[in-house]
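Under our numbering, the first residue of the sequence shown carries the number 871, and numbering increases by one thereafter. All C-beta atoms in this analysis are idealised placements derived from N, C-alpha and C, irrespective of residue type, glycine included. Keep in mind it's a predicted model, so treat the numbers as computed, not measured. One structure below.
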Amino acid sequence: MSKTFFMPLLAFETSCDETSAAVVHQGRVLSSIVASQIALHAEYGGVVPELAAREHLHNLLPVAREALRQASVSNEQLEAVAAAQGPGLPSALMVGIKAAQAVAFVLRRPFFGIHHHEAHLYSPWIRGNPPVMDFSDFQPNLSLIVSGGHTMLVHVQAELKHRLLGATVDDAAGECFDKVGKLIGLAYPAGPQIDRLAEQGNPKAFDFPRPMINDQNDDFSFSGLKTSVRYFLRDNPAVMTDGRCLRDLCASVQAAIVDVLVTKTIRAAKRLGVTCVTASGGVSCNRALRKQLSAACARERFSVRLADPEFCTDNAAMIGAVAEHKFRHHVKETSLDADIHPNWSLCSEEAVR
Ligand code: KG4
Ligand code: ZN
């Protein structure tokens, strides 16, 4: 049985390099503020954990104030508080969770520590304007979570009931985009730039490997693809100075990544007998992936639900929406003394409450 009367919930997300706060009320995202640290980390070619944590400290209160202001909600009106509890960078997670626990302590409200991937997993169900997490047409589904830190396939059997099927054994797909980008001189994160350059390139120009595409399991591997691009550039240095060849290279690498993701996602969905596929995480912004996954689902007569680009990359709205859903369905709150879980695996949540 769910609660009938419900007040707004404030959520924080600080697991990596986005400082985010959101206010959610009855599934509705009243505000979603994200302060990105991309410019700060770009010169280092990746996220520097110590810098990320300090920047979260600097940004969190202004971001939270703005989220409350845009939602026209006062501190006293909050009924619960939530934060990403893991996985993520330890020092970065600590900023968000301790702030949320302090707010919950002072206001005497329940606190919910949310699994970052669980939030990505249900983010495709946040849609509309204003955005609402709506499970009214929920179907059991196969979910692809694809980001800078993770690539995984998850069987979602019911709302908040899921089973991890497989994950990357080395680099994540986003990491592969970012590392290939670094090889060709693009700033971090390179994924969105490769997406743009690939649009004008030929995806069949160069033949890169599709690691594990034929393996009958749900795991991924992308480090070999990155290495083959490195050797290719060593043997063909002229590619680096030819704009057209670089666009072809981006399109060919992107095609290899997307091919693996789409093939393995569809194969797992067919095996499980589900007829709905969802995708979330930063890489699910990729236009070729969105197009090809949608086309493959249409061929199989599967319904497809891709997270709205606003909720693909890290954001507190997805944390708040899952927390509020749990609160409404009487899931036990998290202790105010609970620690962060930097290596929290998706299917072991009960172990840490
Ligand atoms: O979910 P996210 O914000 O952070 C993690 O939890 O990792 O994902 C960030 C990742 C980065 O690797 C970035 O390059 C990638 O998502 N990304 C993209 C695109 N937009 C973001 N990769 C390919 N194409 C895009 N359009
Ligand atoms: Zn993420």
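- CA-CA distance, histidine 1195 to proline 878, rounds to 12 Å.
- In the DSSP annotation of this structure, the continuous segment of the beta strand (DSSP E) that includes leucine 1035 starts and ends at 1031 to 1037.
- Taking all protein chains in view, the Cβ of glutamate 920 is surrounded by fewer than 16 other Cβ atoms within 10 Å, so the residue is classified as exposed.
- DSSP, read as helix, strand or coil, puts glycine 956 in strand.
- With respect to glycine 1018, alanine 1042 sits close: the two C-beta atoms are nearer than 8 Å.
- Threonine 1148 is classed as buried because its beta carbon has at least 16 other beta carbons within 10 Å across all chains shown.
- Note: arginine 997 is bridge-paired with Val1002 in the DSSP secondary-structure output.
- For valine 1024, the secondary structure class from DSSP, reduced to helix, strand or coil, is strand.
- Counting along the chain, the unbroken beta strand (DSSP E) around phenylalanine 982 starts and ends at 981 to 985.
- Of the residues Val1128, Gln896 and Leu880, the one whose Cα lies closest to the Cα of serine 890 is Leu880.
- Residues close to the ligand KG4 by the beta carbon criterion (under 5 Å to any non-hydrogen atom) are, from first to last along the chain, Ser1017, Gly1018, Gly1019, Gly1044, Phe1047, Asp1048, Pro1059, Gly1061, Pro1062, Asp1065, Gly1151, Gly1152, Val1153, Cys1155, Asn1156, Thr1183 and Asp1184.
- Membership of arginine 1066 in the alpha helix (DSSP H) is indicated by the continuous run 1061 to 1068.
- Between valine 1174 and alanine 989, the beta carbon gap of about 20 Å keeps them out of contact (Cβ cut-off 8 Å).
- Within the DSSP secondary-structure output, asparagine 1011 pairs in a beta bridge with Val1026.
- Valine 943 carries a coil assignment under DSSP once its states are collapsed to helix, strand and coil.
- The closest heavy atom of the ligand ZN lies 7 Å or more from the beta carbon of histidine 1025.
- In the displayed model, histidine 1200 falls within coil according to three-state DSSP, outside both helix and strand.
- Shown here for threonine 1021: same chain residues with a beta carbon closer than 6 Å to its own, the five before and five after excluded, namely Thr1038, Ala1042, Ala1043 and Phe1090 in chain order.
- In the DSSP assignment, valine 904 forms a beta bridge with Ser890.
- The secondary-structure analysis by DSSP pairs cysteine 1146 across a beta bridge with Ser1173.
- Beta-bridge annotation (DSSP): alanine 1042 is not paired with any residue.
- Beyond the five residues adjoining it in sequence on each side, glutamine 971 comes within less than 6 Å, by CB distance, of Phe981 and Leu1206 in the same chain, given in chain order.
- Rounded to the nearest angstrom, the Cβ distance from valine 973 to valine 951 is 5 Å, consistent with a contact under 8 Å.
- CA-to-CA, the gap between arginine 978 and threonine 1204 works out to about 13 Å.
- In the DSSP assignment, phenylalanine 882 forms a beta bridge with Ala891 and Ala953.
- In this model, valine 1153 and proline 994 are separated by some 13 Å (Cα to Cα).
- Using a Cβ-Cβ distance cut-off of 8 Å, the segment 905 to 920 and the segment 1209 to 1219 are not in contact, since fewer than three pairs of beta carbons, one from each stretch, lie closer than that value.
- Between the alpha carbons of lysine 1052 and alanine 1060 lies a distance of about 7 Å.
- Beta-bridge partners of arginine 1141 (DSSP): none assigned.
- In this chain, phenylalanine 1092 is not harboured by any alpha helix (DSSP H), its DSSP state being neither H nor E.
- When rounded, the separation of the alpha-carbon atoms in leucine 1103 and aspartate 1065 is 19 Å.
- In the three-state DSSP reduction, valine 1016 falls in the strand class (E or B).
- With the rule of 3 Cβ pairs closer than 8 Å, the segment 951 to 965 does not count as touching the segment 1117 to 1129.
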